[in-house]
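Numbering (this note's numbering), first residue to last: 8 to 210.
Set out below in structure tokens:
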């Protein structure tokens, strides 16, 4: 049965990110498929303003900008945390809550303060992926992992909001997970499995 998704048949892919850690993670994931991965930062591509209203919108915006500027297929992700008691915030503004210095201790304290005494501690991590080609074609995928928030923060692994997020079925925060353990179940892992199955694995 033929996949309804466009297959990736090129040799080279731009990761629409200036985050070196993210580029390394994606490069390792795509290594089995023999893809030569280069980052937007390596190519000196500018970072577009994220004006979308959803994670998917922003991932598509970043992927399309990199594909058009480089003439190569490009992969972008947009991710963040949503909190039920905050009507889905910080959501697409997750990184911005950390301020210009990207201090997530500040962002975590802001979440705690805004939640106050609300007993609803449910939250989720969301990762949207967009794979764009220079001809305008785009494939999108989204991974979500549900959980709840706990304060004070615990654990020094991971990054961002990991020290306050406890995934369903566990009692530890992502900050207390070993990296490989987190990568196996995270929102990004869920989205990447969809991407690989749809666009990279042979039918």
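Heads up, the beta-carbon is just placed ideally off N, CA and C, and yes, glycines get one too.
- The Cβ-Cβ distance between residue 131 and residue 118 does not fall below 8 angstroms.
- Relative to the Cα of residue 129, the nearest Cα in the group 187, 209, 90 belongs to 90.
- Note on residue 168: 16 or more other CB atoms within 10 angstroms of its CB, so buried under the neighbour-count rule.
- For the options 97, 182, 145, the alpha carbon positioned closest to that of residue 14 is the one of 145.
- A check of alpha carbon separations from residue 20 across 187, 11, 49, 12 identifies 49 as the nearest.
- Bounds of the alpha helix (DSSP H) holding residue 199 are 194–202.
- Under DSSP, residue 147 forms a beta bridge with 137.
- For residue 44, the three-state secondary structure derived from DSSP is strand.
- For a cut-off of 8 angstroms, the C-beta gap from residue 148 to residue 82 is around 10 angstroms, too long to register as a contact.
- Taking 8 angstroms as the cut-off, the beta carbon of residue 160 is found closer than this to the beta carbon of residue 170.
- Between the C-alpha atoms of residue 45 and residue 22 there is a straight-line separation of about 6 angstroms.
- Two segments are said to touch when three or more pairs of C-beta atoms, one from each, lie closer than 8 angstroms; by this definition the region 96–104 does not touch the region 32–45.
- Under the 8 angstroms Cβ criterion, the region 67–81 counts as touching the region 132–139, having at least three qualifying pairs.
- The shortest C-alpha to C-alpha distance from residue 197 to any of 143, 134, 188, 172 is the one to 134.
- In the DSSP assignment, the residues bridged to residue 88 are 132.
- The closest CA to that of residue 61, considering only 27, 98, 55, 31, is found on 98.
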